[in-house]
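This report refers to the structure that appears directly beneath it.
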Amino acid sequence: MSKLRFRISMSLDGFVAGPNQSLREPLGIGGEQLHEWVFPLEAWRRPHGLEGGVVNESTPVVEEELAGIGATIMGRNMFGGGPGPWSTTAPWDGWWGRNPPFHHPVFVLTHHARDPLVMEGGTRFSFVTDGIESALDQARRAAGGKDVALAGGARAAQQYLKAGLVDEMQLHLAPILLGGGERLFDNAEALGALALAKTVTAPDAIHMKFKRRP
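Note that numbering that gives the first Met the number 0 numbers the sequence shown so that position 45 is 44, with each residue one more than the last.
Here you go:
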């Protein structure tokens, strides 16, 4: 069976997004700092249609994350568009433009039904209203034997971690303090059956890979 692989960046004080998330600042105040380690990397820029970029100790971490992924799951907050029913006059189609960087099926957890959204480059957003296990089942079928990425945000990740459905987690620890915002871990049981398997130290982040215990 394909694995569910989760990745996220976190501050030293435990936040994965800054305070006051909004359409203008989807990562919250100061939240973009969490990802400054990855933006310059050639391995990140290439899938986003950008040229150039650097290569450092984070490069193989990102390349490993992106390899072998056939579908992605994300929460409504990460997809965006605000809470509540979807707009029928100006429907939200994500943060990524007409050609999102996924290039495979994406399943969005939501309480509000919506028809699938087909984008350029092979990305197709499907909106799942019947829970996290249904989304995972659909994603695994769509992945065609490849693994499924859990892209976030925090609330979606917390549900999958609590249910013990995450097989691997890549935690990118950024050397910043946000002082507030959205946390990923709030109790000692949050890691569930996951144990630290590998640590990589890079110029602007420490990468910790967790795997399911045997």
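From the three backbone atoms N, C-alpha and C, an ideal C-beta is built for every residue, glycine too.
Three-way DSSP call (helix, strand, coil) for residue i in this model
{"i": "residue 141", "result": "helix"}
{"i": "residue 125", "result": "strand"}
{"i": "residue 175", "result": "coil"}
{"i": "residue 28", "result": "coil"}
{"i": "residue 210", "result": "strand"}
{"i": "residue 133", "result": "helix"}
CB-CB length for residue i against residue j, believed under 8 Å
{"i": "residue 171", "j": "residue 204", "result": "5 Å"}
{"i": "residue 27", "j": "residue 42", "result": "25 Å between Cβ atoms; not a contact."}
{"i": "residue 160", "j": "residue 194", "result": "So it is not a contact: roughly 13 Å between Cβ atoms."}
{"i": "residue 31", "j": "residue 201", "result": "That pair is no contact at about 18 Å."}
{"i": "residue 207", "j": "residue 150", "result": "No, residue 207 and residue 150 are not in contact; Cβ-Cβ is about 18 Å, not under 8 Å."}
Opening and closing residue of the alpha helix (DSSP H) in which residue i lies
{"i": "residue 59", "result": "58-65"}
{"i": "residue 6", "result": "Run containing residue 6: none in the alpha helix (DSSP H); it sits in the beta strand (DSSP E), 3-9."}
Proximal residues to residue i (C-beta, below 6 Å), its chain only, five neighbours per side dropped
{"i": "residue 87", "result": "none"}
{"i": "residue 125", "result": "106 and 115"}
{"i": "residue 46", "result": "100"}
{"i": "residue 142", "result": "1, 69 and 70"}
N- and C-terminal bounds of the beta strand (DSSP E) containing residue i
{"i": "residue 170", "result": "167-172"}
{"i": "residue 195", "result": "193-201"}
{"i": "residue 150", "result": "146-151"}
{"i": "residue 14", "result": "14-16"}
Beta-carbon proximity list for residue i, same chain, < 8 Å, skipping 5 on both sides
{"i": "residue 50", "result": "44"}
{"i": "residue 79", "result": "22, 25, 91, 93 and 94"}
Residue i Cβ short of 7 Å to the ligand SAH heavy atom set
{"i": "residue 137", "result": "This structure does not include the ligand SAH; it has no bound ligands of any sort."}
Minimum length 4: unbroken alpha helix (DSSP H) runs contained in the stretch 30-118: Runs found: 41-44, 58-65 and 75-78.
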